[in-house]
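Shown next, in structure tokens, is the structure this report addresses.
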Amino acid sequence: MAAHDSPLFFGDWLKRRRQSLDLTQAELAERAGCSVFALRK
């Protein structure tokens, strides 16, 4: 990702990264060891 393409917020970056890895929020939460609720905050 180029510097000028960087998202303004961590949540935006995380969503893009999760989607690029073809993961659901539940799959990411399981891999990260946290709840889906924590990811949505």
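When the letters of the sequence shown are read in order and numbered with the working numbering, they come out as residues 245 to 285.
Backbone N, C-alpha and C define an ideal beta-carbon position, used for all residues, glycine too.
What you are looking at is a predicted structure, and each value in this text was computed from that prediction instead of being measured.
Beta-carbon spacing of residue i, residue j below 7 Å
{"i": "residue 279", "j": "residue 273", "result": "yes"}
First and last residue of the uninterrupted alpha helix (DSSP H) at residue i
{"i": "residue 187", "result": "Only positions 245 to 285 of the chain appear in the structure, and residue 187 is not among them; the question remains open."}
{"i": "residue 283", "result": "280–284"}
{"i": "residue 272", "result": "269–276"}
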